[in-house]
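Residue numbers (my numbering), protein chains in the order written: chain A, 778 to 859; chain P, 3 to 905. Heads up: the structure comes next, in structure tokens.
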Amino acid sequence: MDPAPAPYMIRISGHLGPTVLSAFPALAPQHHGAHTVLTGLLDQAALYGVLAEIEALGLDLLDIQKLTPDGKSPEPGDSRSQ
Amino acid sequence: MTVAPAAPRLIDRGDLVAALDRAAASKVTVISAPAGSGKTSLLRAWAGRPGQPRRLALVQVQRGQHDAQQFWLAVLGAVRHASATAGRAEPPAAAPDFNAPAMVDRVLSGLADAHGGVTLVIDDLHELHSPEAPAQLTRLLTNLPPNVHAILTTRHDMRLRLHQLRLAGELAEIRAADLRFTERETRELLDASGIALSDSGAALLHQRTEGWAAGLRLAALSLVGHPDPERFVAEFSGSDRTVAEYLIAEMLERQPPDVQDLLLRTSLLDQVNGELADLLTGRPGSEQILLALEDANAFVESLNPERTWFRYHHLFADLLRLELRRTLPAEIPALHRRAAGWFTQHGQVAEAIRHTQAAGDWPEAARLLADYSFSLTLDGQAQTMQALLRAFPAGADHPELAVVRAMGDLAQGRLDEAAAHLAVAETYAGTTPPGRQRRLQVAVASLKLSLARRRGHLAGVIEQARFLASPVTGPSEEDIALGSDLRAVALMNLGTAEAWSLGLPDAERHLREGAVLAREIGRPYLEVGCLAQLGFASIFHGAAMPKIQAFATTQQRCREAIALAERYGWGAEPVIAPALMTLAGTMVLLGEFDEGERWLRRTERALQTDTGPDIRLLLHQTAGMLHAGRGRHPEALEEFGAAEDLASQLEGSQALASQVTGWLLATQARLGRPGEARAALAALDDERASSGEIRNARAVICLAEGDPAGALGALHDVLDGTAPVLGYVTVVEAHLLAGLAHRELGDQRAANQAAERALALAESDRVVLPFAMTGSAGLLEALPRHQTAHAALLADILDVLHGSSPAAKEPSSSPPAEELSPGELKVLRYLPTNLSRPEIAGELSVSLNTVSTHLRSIYAKLQVRDRSSAVRRARELRLLAAGRTRWPRRSPDPGDPGSPARP
């Protein structure tokens, strides 16, 4: 497992308001259409912490991507296939 | 105080309830769906529906439950409650040792006992964070008795291996899509709450919430009494905010300020009552608000029938907590501090420490955790304690915590780490003020004893730790209570260490004192622990001089300890293993091999989770004794060899080591390998070699080599009492070996004398094992009956040696005999001999008439007609031993550790 933090992009349905966003202090929010995209550097433990928060707050998780080091485009191939 | 003019009601989701009812016909039903999907509401509606025929065992998993034991105790409690067997036993109690497989067995047997079946319901299973719990739960779910069903709710799929149930069509699943409100149900919810909304408005609301139960309920809360519901729905639908966040903000805004304030400030508690809420808000009257909120169905539910404790729906609480952090961040540490104070006062230590940590008061949290570490362990919260320990920030140095870390290391057998942490704790204790210093020193000393015991290195530590026995004095009552827990643990550790190093009078005194103190302070686990070790303490040592009924006393102690352990459901836990083992060992010594084997099997089960070399050594030794007693020398050799290997893993000299080694060497010699035994003998140091047990082994080797004169030489110091021995059993053995040697040398008179001496020494306890181990049947048979004063014992021993063991059989179903007088007992003991009545009269120096009177009376009391049936009956009743009385047959059943004590 890669121990170094990596940039992640997490897409959630709906616009997260200030209250819910305060649950993700390490992530930068952006509104994309009807969705909120959270991005930030996360190691595995932080990533699972974010997923647990999403679960606890009843948010609708749409997509997670690990970004390549240049920070923008997803890795080639389906990033969700393990 | 009213919260809302009208309360939105749970609607009757009849189709969904019927779907769950159909699903619940399967063995296991899993309801797996995200937060706020209405899982718990569905369960409640299903459980409360009219004509619900099943008995339910309801378990609500505590938030963030790390302790598998706490979880299983809740399951067991719920099952016992549901099957109405609670009245038959103490409520399940926590223990520092926790044997999860045994606990699952107890739950299964509780379920099997429920007549007419029961449904086990486990809500919020995703909160269970114990890593070993899924495997145990899988075992429970795949082994449910007939007529028992289980329903689980969870936010995400769990690692339960239920594929076999799935293949068998015995697993039903209800998922998020099944739980969604239909448009019709949305309409019904609005109608039931008295909300007037157009059909298109209702459709819009349904579309916006996607039928998500929490969203609809939140919306209904805001819509009740709303001046313009259509506009509310339109604005909500136009908003991009997430459903929950939008709705909770709306709902809060519509509450009066004091209600908002209460909800926010108490959101950081997992459970809340009126007093705590008053404390956190600084205002009275909170209980009324909480009751009104529950009545309004506002994500608040009471946890007890008296409606004094409440919890918030988790999703709701999480959102409130975020809101609190956003709007009142500066107040949060003070709120946690106040909560911590309340929980400390009310003895909820783990909760108090959690809030102290949340307040960021790390040194105070470390102090609390160290002070209460013994209490938490005794309450069965060892895993919770380790979770609290992990919550301290990495790198921050809190030397108080070294004691806590050492406890965790010890519990998991990491002895080197435990020693390192204890060294840190000891250094730190030297720097603390006197009040705390004393308590820390006691904690450190007690743990050092426990560590030393596990390593088998006792003598030096005991000397250092004598001061444990004096009371801890403190200024306040709380300090005294803390000190009592600590002191009781210390007494148990001290007494146990002394028992293992043969410091018998001290061991007895300290263990007894520990047991009394434990009872006074309501710590049954410690009481059981002290009593179990007390039983063990007397197995060899108590018999150093053959007192009347030494083994009977030992057995009585063990049975009492076992009965107490069973009352609390610890009949198969490591804590009671010393008593189980001792009972097995004494049975074997008394020649009751079958009974001994049953207790030994039960000891093995109790030690499943304990791999300590100290206690395992005893297990192998006792198994070896059993095999040797039955003449199975190869098996005995294997067991004694395993015990010897473990003894070599222990540091320092083991008090019992000479016994194991002696029997190992003797067994080698008996199996025709005297050369091997002699080589091992030569390797022993002088101190070991001079012990009575090793001298006996040397004699066995000499006999195997055809050197009876050498055997007699080896035995000389044992027989004249100059060689140190573990107990008189060693001396019995020596007499028998001497008898065998005399026979070899052709001196039958000396052989008879030796046999008679062995019998005389064995009489008070009726010890049989040495006769069996040494192969003394021929020696005893050659002893003329009229030359022995122990004819009854002799007959019993020969019975055992020839494979029939009347003493071990269950007593016959005949009615109990009236008690015999001492005079009658004396006559009775001559009945198994072939002495005539005049000869018996001569032996006893009484008249023939007296003997005849006694005989008539014996026949009448035993309800028999002749001498041979009197002997048979007397053996059944175990009346033939000098000084022996009949056992009350209320002793526990060795095969059934899980069941509560029978009446």
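Glycine included, each C-beta is placed from N, C-alpha and C at the ideal position. Bear in mind the structure is a predicted one, so any value in this text is a computation, not a measurement.
| Item | Value |
| --- | --- |
| Completely contained beta strand (DSSP E) runs for the stretch 34-100 of chain P, where each covers 3 or more residues | 58-62 |
| Coarse secondary structure for R788 (chain A), derived from DSSP in three states | strand |
| Rounded separation between E599 (chain P) and T310 (chain P) - CA only | 52 angstroms |
| Local conformation of G343 (chain P) per DSSP, three classes | helix |
| Residue environment, S816 (chain P), which counts as buried when at least 16 other CB atoms sit within 10 Å | Because the pLDDT of S816 (chain P) is 47, which lies under 50, any placement of that residue in the model is unreliable, and the question is left without a value. |
| Simplified DSSP assignment, three categories, for W311 (chain P) | strand |
| Residue of A:L819, A:G791, A:G826 and A:K843 minimising C-alpha distance to Q807 (chain A) | A:G791 |
| Burial state of P780 (chain A) (16 or more Cβ within 10 Å) | exposed |
| Inter-stretch contact (C-beta, 8 angstroms, three-pair minimum) for the stretch 269-287 of chain P and the stretch 804-822 of chain A | no |
| Under 8 angstroms from the C-beta of A805 (chain A): neighbouring residues of chain P | Result: empty, since nearest Cβ-Cβ is about 18 angstroms, beyond 8 angstroms. |
| Beta-carbon proximity of L833 (chain P) to I799 (chain P), cut-off 9 angstroms | no |
| Where G780 (chain P) falls, given that 16 or more other Cβ within 10 Å makes a residue buried | exposed |
| Contacts around R521 (chain P), its chain only, beta-carbon distance under 6 angstroms, and the 5 residues preceding and following it disregarded | E529 |
| Nearest neighbour of R256 (chain P), chosen from P:A389, P:G227 and P:V61 [CA to CA] | P:G227 |
| Among P:A638, P:L22 and P:S202, nearest to T121 (chain P) - alpha-carbon criterion | P:L22 |
| Beta-carbon proximity of P335 (chain P) to G362 (chain P), cut-off 9 angstroms | yes |
| Contact with chain A by S132 (chain P), beta-carbon distance below 9 angstroms | no |
| Residues from the stretch 238-269 of chain P in contact with chain A, defined by Cβ distance under 9 angstroms | S241, D242, R243, T244, V245, A246, E247, Y248, I250 and A251 |
| Among P:R356, P:A454, P:A408 and P:N836, nearest to Q651 (chain P) - alpha-carbon criterion | P:A454 |
| CB contact below 9 angstroms: G794 (chain A) versus chain P | yes |
| Length of the line joining the Cα atoms of W364 (chain P) and P395 (chain P) | 9 angstroms |
| Exposure of P786 (chain P), with buried meaning 16 or more beta-carbon neighbours within 10 Å | exposed |
| Local Cβ density within 10 Å of Q231 (chain P), reported as buried at 16 or more and exposed below that | Rather than Gln, the amino acid found at residue 231 (chain P) in this sequence is Pro. Per the 10 Å Cβ criterion, buried. |
| Chain-ordered neighbours of H208 (chain P) on chain A, where CB pairs are closer than 7 angstroms | Per Cβ cutoff of 7 angstroms: no residues; H208 (chain P) is ~16 angstroms from chain A at best. |
| Separation of L628 (chain P) from Q755 (chain P), as counted between CA atoms | 28 angstroms |
| Inter-residue spacing [alpha-carbon to alpha-carbon] between M494 (chain P) and V769 (chain P) | 30 angstroms |
| Under 9 angstroms by beta carbon: chain A residues contacting D320 (chain P) | A800, E830, A833, L834 and G835 |
| Three-way DSSP call (helix, strand, coil) for Q821 (chain A) in this model | helix |
| Contact set between V814 (chain A) and chain P, taken where Cβ atoms lie within less than 8 angstroms | Ordered by position in chain P, no residue passes the 8 angstroms Cβ test against V814 (chain A), which lies about 13 angstroms from the chain. |
| Chain P contact for A823 (chain A) (CB, 9 angstroms cutoff) | no |
| Close beta carbons around A574 (chain P), own chain, < 6 angstroms, minus the five adjacent residues each side | A104, R607, A608 and P899 |
| Pairwise C-alpha distance: R157 (chain P) and F312 (chain P) | 21 angstroms |
| Buried or exposed by the 16-neighbour rule on C-beta atoms within 10 Å, applied to Q414 (chain P) | exposed |
| Neighbour list for G909 (chain P) in chain A, Cβ cutoff strictly below 7 angstroms | In the structure as shown, chain P begins at 3 and stops at 905. Residue 909 (chain P) is therefore absent and cannot be evaluated. |
| Near the ligand FMN: E515 (chain P) beta-carbon under 8 angstroms from a heavy atom | In terms of ligand content, the structure shown is empty, and the ligand FMN therefore cannot be addressed. |
| Partners in chain P for V797 (chain A), counting only beta-carbon separations shorter than 9 angstroms | R243, T244, A246, E247, L321 and L324 |
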